[in-house]
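**Student:** Here the protein sequences line up with chains A and B, keeping their order. Residues 0 to 110 (numbering that gives the first Met the number 0) make up the first sequence, in order. Residues 0 to 813 (numbering that gives the first Met the number 0) make up the second sequence, in order. Beta carbons are placed, not taken as given, at the ideal position from N, Cα and C, and that holds for glycine. Bear in mind the structure is a predicted one, so any value in this text is a computation, not a measurement.
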Amino acid sequence: MTDWIDIGPLDAIAPRGARVLRTEIGCIAVFRTAEDEVFAIDNTCPHKGGPLAEGIVHGHSVTCPLHNWVFDLRTGLAQGADSGSVATYPVRVHEGRLLADPARLVKRDAA
Amino acid sequence: MMKKLIVIGAGMATGRALEHLFEIAPDEWEVTLFNAEPRGNYNRIMLSPVLSGEKTYEEIVIHDDAWYADNRVTCRFGEKVAAIDRAARTVTAENGDVLAYDKLLIGTGSSPFIIPLPGHDLDGVIAYRDLEDTNRMIETSATPGARAVVIGGGLLGLEAAAGLRLRGMEVTVIHIASHLMERQLDAAAGYLLRKALIHRGIDIRCSANSRQILGENGKVRALELDTGEEIPCDLLVMAVGIRPNVQLAKEAGLAVGRAIHVDDRMVTSDPDVLAVGECVEHDGALFGLVAPLYDQAKVVAATLAEQEAAFRQKEVSTKLKVTGCDLFSAGDFADGETREDIVYRDPARGVYKRLVIENDRLIGAVMYGDTADGNWFFGLIKDGSDISGMRDTLIFGPNFQGGASADPLQAVAALPPEAEICGCNGICKGTIVKAIEGGAHDLGAVRAQTKASGSCGTCTGLVEQVLAVTLGDDFQMPTAQPVCKCTDLTHEDVRRLIKAKELKSQPAVWQELGWKTKDGCHVCRPALNFYLLADWPLDYQDDPQSRFINERKHANIQKDGTFSVVPRMWGGITTPDELRAIADAADKYAVPTVKVTGGQRIDLLGVKSEDLPAIWADLNAAGLVSGHAYSKGLRTVKTCVGTDHCRFGTQDSTGLGIKLEKALWGSWTPHKVKLAVSGCPRNCAEATCKDVGVVCVDSGYEVSVGGAAGMDVKETQPLGKATTEQEAIDLTIAFVQLYRENAKYLDRPYKWIAKVGLDWVRERVVDDLENRQALIDRFAVSQSVYQKDPWAAHVAERAESYQPLTMLPKEAAE
Chain A
0 MTDWIDIGPL DAIAPRGARV LRTEIGCIAV FRTAEDEVFA IDNTCPHKGG PLAEGIVHGH
60 SVTCPLHNWV FDLRTGLAQG ADSGSVATYP VRVHEGRLLA DPARLVKRDA A
Chain B
0 MMKKLIVIGA GMATGRALEH LFEIAPDEWE VTLFNAEPRG NYNRIMLSPV LSGEKTYEEI
60 VIHDDAWYAD NRVTCRFGEK VAAIDRAART VTAENGDVLA YDKLLIGTGS SPFIIPLPGH
120 DLDGVIAYRD LEDTNRMIET SATPGARAVV IGGGLLGLEA AAGLRLRGME VTVIHIASHL
180 MERQLDAAAG YLLRKALIHR GIDIRCSANS RQILGENGKV RALELDTGEE IPCDLLVMAV
240 GIRPNVQLAK EAGLAVGRAI HVDDRMVTSD PDVLAVGECV EHDGALFGLV APLYDQAKVV
300 AATLAEQEAA FRQKEVSTKL KVTGCDLFSA GDFADGETRE DIVYRDPARG VYKRLVIEND
360 RLIGAVMYGD TADGNWFFGL IKDGSDISGM RDTLIFGPNF QGGASADPLQ AVAALPPEAE
420 ICGCNGICKG TIVKAIEGGA HDLGAVRAQT KASGSCGTCT GLVEQVLAVT LGDDFQMPTA
480 QPVCKCTDLT HEDVRRLIKA KELKSQPAVW QELGWKTKDG CHVCRPALNF YLLADWPLDY
540 QDDPQSRFIN ERKHANIQKD GTFSVVPRMW GGITTPDELR AIADAADKYA VPTVKVTGGQ
600 RIDLLGVKSE DLPAIWADLN AAGLVSGHAY SKGLRTVKTC VGTDHCRFGT QDSTGLGIKL
660 EKALWGSWTP HKVKLAVSGC PRNCAEATCK DVGVVCVDSG YEVSVGGAAG MDVKETQPLG
720 KATTEQEAID LTIAFVQLYR ENAKYLDRPY KWIAKVGLDW VRERVVDDLE NRQALIDRFA
780 VSQSVYQKDP WAAHVAERAE SYQPLTMLPK EAAE
């Protein structure tokens, strides 16, 4: 069973907003939707490296601030005519705190 | 073996004939093409936009070198043909070359008619016919204070006059008839056109006769009228008509009347010689407009390919290619005992429409100011439709026939396949629909495949409507398109409904206007956020999450995810202390690039997101506030030094710039807004390509609006003159507020003005003093909420949100 770790209060992220989580494997964007669902995806757009945490959040999607690629926060898949994807990471909310699965957030050995 | 075709003249008619020929009979003809002009086929009817600066010559070229090479056309440009020997079936070039032909096509066009007034051979007297004339006009207009006289108030003369005026010349039009374009317009429409042109600063003299052209040292100096009045000019353009070029044909012994006689198959009196274009006479008629020429070209190609075709004369319609003067004329509108008129006038909007009816058929239509239904009326004229059933509502156009639907798409949907959409190229709806069904899914593709809307371009809207009707949801109309996929409403609809229904929050808009998504998208949310805060500054709560990152973080995002920081420098003025503070900040935060912007401010590029609050705090401490260089709001007011230091400066332009910036900063607008104040007409602050530009003159301030130097380059248009500094500030603020209250999000002022008309703006900002004050008052209310330094606010309240959520400790991850 995974031991989720606390990465901060839910209120640290504005509704329809995001914050960056720095990890050993790179920057991850943690999103909060209008309904207080949370999602975590790679912060880097596969198109030109735009910081997704700075994008506009709508529904279950975020729009990259550099060239308007839209990603589904649940699947990490680019929407519309664009193709590509970003990795997704498990996050959840418990009693007002944001919890992340540490197993996915560390460098893995070649094994 | 390939047959030899010699073509004399590389104009629009022969060019189109060759296109058709290569299409229907590829590899059958070996073509040699002579042209007196040193170039190939270009879109001559677009010379007016070249003159006015709206297009370049390169944009109007129809066939480039590659096209001629691909079709193995031997080009002899800049060479005339000296003689035709019909018996030997040869032509002789100017240099003596003798070339044999199987078929000869004459397309020598026409020459402008020069009135043999005394002085017509002076330097500076030109016609308006080809690129050389156009370039000559552009050259002369570059001389400051240059004046032009245009003789001829017809289509061509007025296009020349408008183009020269746009290039800054003082222009006078001399017209012999009592109203302009008397062959196409009735007196009432002519009056409205005259008024519109005078409003643009063009001097118009109707019922005026020229006596002689006066010169000095061999150069034109003035035109003398028969009243004795002298009108000074550096350039005199004659645009009084054209004469077919028939000399060569006559000398070759072909049958020539007013022009070269051709039969229905465009064959001359010699079965091996064809003719096309402005040099032909068919059944007693000559041709100057492009539509019949293109019809003839089709027939020429078919005749050469030994296919059946016959040229038929059709009704033609006219449009004036002067941006902002909407004018349409078709058919016959002379008075007559058996004829009846239906006239519609709306003086406030400058709209006039007149329909001429005879025996329940529409035979003529003249429209000024609103020509949207022109093609529909033209169709009724051409088809000779019985209009008795819709006589009551005829003048209101197709939307009001049969069930009064206001949807223009329905009218287009109802058109039969053979309805002509593009008059220049004779392209009917069916051809366009076929191209769309074959994969041409946007305007560019339709234009490339069918040529529809590719000539004068006035049918572009109709072609788009055909696209919309054919493709349904797959096509987004460039005009009147919905805000985004979340709604079917246009920006204009949404703005109107927000006001009408008093919607004061985004959820209220989504709910009341039936948004299809839960909370909008990145396209509609920034627009809604702006509309709501502009309309309800005291009630609406600004939503940072509906702003693009630049506005959410008050800095411009760069391609590597860093940001740039621009402090405000009022009117471009700074101090050594401010410069020291900027330099210190650049050092402290390791700013890689320090750059002076085009708006006279200093840009610190490459700042990390998490450093933003700290650098702002340092700059705030030195008295600097955010320059809003990231905003859809007031950006900068550029200035020159004016009376303070300049020997030409007429007013305190720097001081006025600072006052304007202090009044307007912090306001949000539909798009970025840039201003400039120049101290004299030398315009060192480049005020004439800004959203609002003030040029100081001895008598006060000239306020002009609607300039741009971005995706489009536009010169400002005069809004009004102010005698005092306060009046100049008032005009500016009232204009900005009117723009804030009415424009579509992401339309710069020039785009918005093009939709509502500058007259409409002037009425509200300049003429109606009460309304001007009301606009200023509403702006003040908004500024009481929004004129705050966002840097200070974020440093105080939101600095933490610029930091990463947390650093994930390594050990915790183990």
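May I have the straight-line CA-CA distance separating residue 805 (chain B) from residue 23 (chain A), to the nearest angstrom?
**Tutor:** On the second sequence, residue 805 (chain B) is found 806 positions in, with the first residue counted as 1. On the first sequence, residue 23 (chain A) is found 24 positions in, with the first residue counted as 1. Rounded to the nearest angstrom, the two C-alpha atoms are 12 Å apart.
**Student:** Give the straight-line distance between the Cα atoms of residue 697 (chain B) and residue 726 (chain B), rounded to the nearest whole angstrom.
**Tutor:** Taking the first residue of the second sequence as position 1, residue 697 (chain B) is located at position 698. Taking the first residue of the second sequence as position 1, residue 726 (chain B) is located at position 727. Those two C-alpha atoms are separated by around 15 Å.
**Student:** Nearest-angstrom Cα distance between residue 206 (chain B) and residue 190 (chain B)?
**Tutor:** On the second sequence, residue 206 (chain B) is found 207 positions in, with the first residue counted as 1. On the second sequence, residue 190 (chain B) is found 191 positions in, with the first residue counted as 1. So the alpha carbons of these two residues sit roughly 13 Å apart.
**Student:** Can you tell me whether DSSP reads residue 311 (chain B) as helix, strand or coil?
**Tutor:** The residue you call residue 311 (chain B) lines up with position 312 of the second sequence. Note: residue 311 (chain B) maps to coil in three-state DSSP.
**Student:** Give the straight-line distance between the Cα atoms of residue 436 (chain B) and residue 469 (chain B), rounded to the nearest whole angstrom.
**Tutor:** Walking along the second sequence from the start, residue 436 (chain B) turns up at place 437. Walking along the second sequence from the start, residue 469 (chain B) turns up at place 470. Spanning the two alpha carbons is a distance of roughly 8 Å.
**Student:** Could you tell me which whole alpha helix (DSSP H) segments of length 4 or greater appear in the stretch 172-202 of chain B?
**Tutor:** The stretch 172-202 of chain B contains these whole alpha helix (DSSP H) runs: 186-198.
**Student:** Please name the residue in B:299, B:237 and B:126 whose C-alpha comes closest to that of residue 23 (chain B).
**Tutor:** Position 24 of the second sequence, counted from the start, is the residue given in the question as residue 23 (chain B). Minimum Cα distance to residue 23 (chain B) is reached at B:299.
**Student:** So, are the CB atoms of residue 716 (chain B) and residue 705 (chain B) less than 8 Å apart?
**Tutor:** As a first step, residue 716 (chain B) must be located in the second sequence, where it is residue number 717. As a first step, residue 705 (chain B) must be located in the second sequence, where it is residue number 706. Yes. Within cutoff.
**Student:** Would you list the residues sitting across from residue 704 (chain B) in a DSSP beta bridge?
**Tutor:** Translated into positions along the second sequence, residue 704 (chain B) becomes position 705. In DSSP, residue 704 (chain B) forms a bridge with B:691 and B:716.
**Student:** Ordered along the chain, which non-local residues of its own chain (more than five positions away) have a Cβ less than 7 Å from that of residue 217 (chain B)?
**Tutor:** Position 218 of the second sequence, counting from 1, holds the residue named residue 217 (chain B). Once the five neighbours on either side are set aside, the close Cβ partners of residue 217 (chain B) are 121 and 122.
**Student:** Rounded to the nearest angstrom, how far is the Cβ of residue 351 (chain B) from that of residue 188 (chain B), given a contact under 8 Å?
**Tutor:** Against the second sequence, residue 351 (chain B) aligns to sequence position 352. Against the second sequence, residue 188 (chain B) aligns to sequence position 189. Their Cβ separation, rounded to whole angstroms, is 5 Å, which keeps residue 351 (chain B) and residue 188 (chain B) in contact under 8 Å.
**Student:** Pick from B:678, B:631, B:668 and B:224: whose alpha carbon is nearest that of residue 648 (chain B)?
**Tutor:** Here residue 648 (chain B) is taken as the residue at index 649 of the second sequence, counted from 1. Out of B:678, B:631, B:668 and B:224, B:678 has the C-alpha closest to the C-alpha of residue 648 (chain B).
**Student:** Determine whether the Cβ of residue 518 (chain B) lies closer than 8 Å to any Cβ atom of chain A.
**Tutor:** Locating residue 518 (chain B) in the second sequence gives position 519, counting from the first residue. Yes, residue 518 (chain B) lies at the interface with chain A (some Cβ there is under 8 Å from its Cβ).
**Student:** Taking only beta-carbon positions, decide if residue 521 (chain B) is within less than 8 Å of chain A.
**Tutor:** The residue given as residue 521 (chain B) occupies position 522 in the second sequence. Yes, contact with chain A.
**Student:** Should the stretch 78-95 of chain B be called in touch with the stretch 86-93 of chain A, which here means at least 3 C-beta pairs below 8 Å?
**Tutor:** Contact fails: fewer than three Cβ-Cβ distances are below 8 Å.
**Student:** Quick one: Cα of residue 658 (chain B) to Cα of residue 750 (chain B), how far?
**Tutor:** The residue you call residue 658 (chain B) lines up with position 659 of the second sequence. The residue you call residue 750 (chain B) lines up with position 751 of the second sequence. When rounded, the distance between both Cα atoms is 27 Å.
**Student:** Just checking my contact of residue 640 (chain B) with residue 601 (chain B) at CB under 8 Å: how many whole Å lie between their CB atoms?
**Tutor:** For the purposes of this step, residue 640 (chain B) is taken as the residue at position 641 of the second sequence. For the purposes of this step, residue 601 (chain B) is taken as the residue at position 602 of the second sequence. Between residue 601 (chain B) and residue 640 (chain B) the Cβ distance is about 18 Å, and since that is not below 8 Å, they are no contact.
**Student:** Run the CB neighbour count on residue 518 (chain B), radius 10 Å, all protein chains shown included, and call it buried at 16 or more, exposed below.
**Tutor:** Position 519 of the second sequence, counted from the start, is the residue given in the question as residue 518 (chain B). Flag for residue 518 (chain B) reads buried.
**Student:** Identify whether residue 423 (chain B) lies in helix, strand or coil by the three-state DSSP scheme.
**Tutor:** Start at 1 with the first residue of the second sequence, and residue 423 (chain B) comes out as number 424. If DSSP states are grouped into helix, strand and coil, residue 423 (chain B) belongs with coil.
**Student:** Do you know whose CA, among B:128, B:103, B:499 and B:201, lies nearest residue 111 (chain B)'s CA?
**Tutor:** Here residue 111 (chain B) corresponds to residue number 112 of the second sequence, with the count starting at 1. Here the closest residue by C-alpha is B:128.
**Student:** Pull the bridge partners of residue 25 (chain A) from the DSSP assignment, please.
**Tutor:** Walking along the first sequence from the start, residue 25 (chain A) turns up at place 26. Answer is A:22, bridged to residue 25 (chain A).
**Student:** Just to make sure I have the definition right: I need the residues of chain A whose C-beta is within less than 7 Å of the C-beta of residue 804 (chain B). Which are they?
**Tutor:** Position 805 of the second sequence holds residue 804 (chain B). Chain A residues near residue 804 (chain B): 6, 7, 11, 18, 19, 20 and 29.
**Student:** Under the DSSP definition of a beta bridge, which residues are partnered with residue 216 (chain B)?
**Tutor:** For the purposes of this step, residue 216 (chain B) is identified with residue 217 of the second sequence, where counting begins at 1. Bridge partners of residue 216 (chain B): none, in fact.
**Student:** Can you give me the Cβ contacts of residue 145 (chain B) inside the same chain, cut-off strictly under 6 Å, excluding the 5 residues immediately before and after it?
**Tutor:** The residue labelled residue 145 (chain B) in the question sits at position 146 within the second sequence. Counting only Cβ-Cβ distances below 6 Å, and skipping sequence neighbours, we find 139, 168 and 233.
**Student:** Residue 65 (chain A) versus chain B: which residues are under 8 Å apart at the beta carbon?
**Tutor:** For the purposes of this step, residue 65 (chain A) is identified with residue 66 of the first sequence, where counting begins at 1. Correct list: 556 and 558.
**Student:** Give the DSSP bridge partners of residue 699 (chain B), in chain order.
**Tutor:** What you label residue 699 (chain B) is simply residue 700 of the second sequence in a count that begins at 1. DSSP output for residue 699 (chain B) lists B:696 as bridge partner(s).
**Student:** Counting along the chain, where does the alpha helix (DSSP H) carrying residue 392 (chain B) start and finish?
**Tutor:** The residue given as residue 392 (chain B) occupies position 393 in the second sequence. Neither: residue 392 (chain B) is in no alpha helix (DSSP H) and is coded neither H nor E.
**Student:** Helix, strand or coil for residue 778 (chain B)? Go by DSSP, reduced to three states.
**Tutor:** Residue 778 (chain B) sits at position 779 when you count from the first residue of the second sequence. Note: residue 778 (chain B) maps to helix in three-state DSSP.
**Student:** Please list, in chain order, all residues of the same chain as residue 780 (chain B) whose beta carbon is under 8 Å from its beta carbon, the five residues on each side excluded.
**Tutor:** Reading the second sequence from its first residue, position 781 is the one you call residue 780 (chain B). Taken in chain order, the residues that qualify are 536 and 537.
**Student:** Leaving aside the five residues before and after residue 596 (chain B) along the sequence, list all residues of the same chain whose C-beta is less than 6 Å from its C-beta, in chain order.
**Tutor:** Start at 1 with the first residue of the second sequence, and residue 596 (chain B) comes out as number 597. Here the set comprises 602.
**Student:** Under 8 Å: do the stretch 300-309 of chain B and the stretch 11-28 of chain B share three or more Cβ pairs, one atom per stretch?
**Tutor:** Touching, yes.
**Student:** Closest by CA to residue 366 (chain B), which one among B:384, B:185 and B:523?
**Tutor:** Walking along the second sequence from the start, residue 366 (chain B) turns up at place 367. Considering only alpha carbons, the answer is B:185.
**Student:** Going by the beta-carbon positions, is the gap between residue 1 (chain B) and residue 28 (chain B) smaller than 8 Å?
**Tutor:** Here residue 1 (chain B) corresponds to residue number 2 of the second sequence, with the count starting at 1. Here residue 28 (chain B) corresponds to residue number 29 of the second sequence, with the count starting at 1. The answer is yes: Cβ separation under 8 Å.
**Student:** Distance, Cα to Cα, residue 843 (chain B) vs residue 769 (chain B)?
**Tutor:** Any answer about residue 843 (chain B) is impossible in this case: the structure gives chain B only from 0 up to 813.
**Student:** Residues bridged to residue 555 (chain B) by DSSP?
**Tutor:** Translated into the one-based positions of the second sequence, residue 555 (chain B) becomes position 556. In DSSP, residue 555 (chain B) forms a bridge with B:563.
**Student:** Express the C-alpha separation of residue 88 (chain B) and residue 6 (chain B) in angstroms, rounding to a whole number.
**Tutor:** On the second sequence, position 7 is the one that residue 6 (chain B) refers to. On the second sequence, position 89 is the one that residue 88 (chain B) refers to. For residue 6 (chain B) and residue 88 (chain B), the distance between alpha carbons rounds to 13 Å.
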